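What follows is a short report on a single structure.
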Amino acid sequence: MRKTTETTSILRKYFDTLFDFFGPQFWWPGETPFEVIIGAILTQNTTWKNVEKAISNLKKENLLSPDKLYTVSPQKLATLIKPSGYYNQKSKKIASFMRYFKQEYNLNINNMQPVPTDILRDQLLNIFGIGPETADSILLYALSRPVFVVDAYTRRIFSRHKLLDKNDSYENIRSFFETSLEKNIAFYNEYHALIVSLGKDYCKPTPKCTDCPLKKFL
DNA sequence: GACCAGGCACATC
DNA sequence: GATGTGCATGGT
2 MRKTTETTSI LRKYFDTLFD FFGPQFWWPG ETPFEVIIGA ILTQNTTWKN
52 VEKAISNLKK ENLLSPDKLY TVSPQKLATL IKPSGYYNQK SKKIASFMRY
102 FKQEYNLNIN NMQPVPTDIL RDQLLNIFGI GPETADSILL YALSRPVFVV
152 DAYTRRIFSR HKLLDKNDSY ENIRSFFETS LEKNIAFYNE YHALIVSLGK
202 DYCKPTPKCT DCPLKKFL
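Each residue of the first sequence is one higher than the last, beginning at 2 in the working numbering.
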């Protein structure tokens, strides 16, 4: 892992190549910041397709609002989010977030706006069920903070390209991107979304690199 | 049937 | 700090 002006230029070229190939991704797929937060928890180690079914169930019952999710029973919640997998765990995770959201911000996203990003990040990481990737997804996609989201695809893609070591810690990888790239919310938003597109469709566990849009960098 | 998916908590060394 | 395991549905 290197941090040089050369790295900056390389990471920009990766972005440009991905953007030319996939086009804009319009992330996060959610109608409100609150929906983004719930989606971020539900999509842990799960395909978005399954999360959509869970979100759809919540919407059908008119439960996808802070007030309703704060009071719904864990059993009912678990049943509704079943398609997203780990439903008992995720039900507890959502309940933990809702308790925090009520206690600290009275279930109002606007009350989070004045809080500095590093403070918010610490708070989120202290909630049961919210680890670094989920916290950063919430910060970037729900709260519009300039935080680079690292996921399994990021590690896989950039370690295959020898820009990272696959054993690098989450924080190391995050600081690699954040110190190499300009702190720009829209840029981080698009970059992570493009990485996911590449990971889903091309950079799989056993990839066919012959038709990968990034093959020229290998 | 095996493997994988936009992780995380917890136990153990 | 590194490594191993449980959590669980749905698609390929």
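Virtual Cβ for every residue (Gly too), placed ideally from N, Cα, C.
Because the structure is a prediction, the values reported are computed rather than measured.
Closest residue to residue i among the options (Cα-Cα distance)
i, options, result
"residue 113", "132, 93, 152, 146", "146"
"residue 9", "183, 193, 187", "183"
"residue 158", "75, 218, 65", "218"
"residue 64", "89, 167, 127, 36", "36"
"residue 96", "43, 118, 133, 148", "43"
"residue 187", "148, 104, 7, 206", "148"
"residue 210", "162, 17, 168, 179", "162"
Distance between residue j and residue i (C-alpha atoms, nearest Å)
i, j, result
"residue 53", "residue 199", "20 Å"
"residue 106", "residue 140", "15 Å"
"residue 150", "residue 62", "31 Å"
"residue 15", "residue 155", "12 Å"
"residue 70", "residue 116", "23 Å"
"residue 40", "residue 122", "18 Å"
"residue 202", "residue 125", "31 Å"
"residue 88", "residue 101", "20 Å"
"residue 21", "residue 13", "12 Å"
"residue 17", "residue 72", "45 Å"
"residue 104", "residue 208", "46 Å"
"residue 206", "residue 179", "26 Å"
"residue 76", "residue 108", "21 Å"
"residue 5", "residue 168", "20 Å"
Residue i, buried or exposed, once every other Cβ within 10 Å from all chains shown has been counted against 16
i, result
"residue 170", "exposed"
"residue 32", "exposed"
"residue 204", "buried"
"residue 181", "buried"
Beta-carbon proximity check, residue i vs residue j, cutoff 9 Å
i, j, result
"residue 129", "residue 93", "yes"
"residue 120", "residue 98", "no"
"residue 144", "residue 67", "no"
"residue 160", "residue 166", "yes"
"residue 142", "residue 111", "no"
"residue 164", "residue 11", "yes"
"residue 19", "residue 192", "yes"
Practice prompt. Taking 8 Å as the threshold, find out whether the stretch 47-59 comes into contact with the stretch 204-217 through three or more Cβ pairs.
Written response: no
Stretch pair the stretch 11-29 + the stretch 193-208: three plus CB contacts closer than 8 Å: yes
- Taking three-plus beta-carbon pairs below 8 Å as touching, is the stretch 131-138 in contact with the stretch 163-175? yes
Any 3 or more C-beta pairs closer than 8 Å across the stretch 53-70 and the stretch 81-90 = yes
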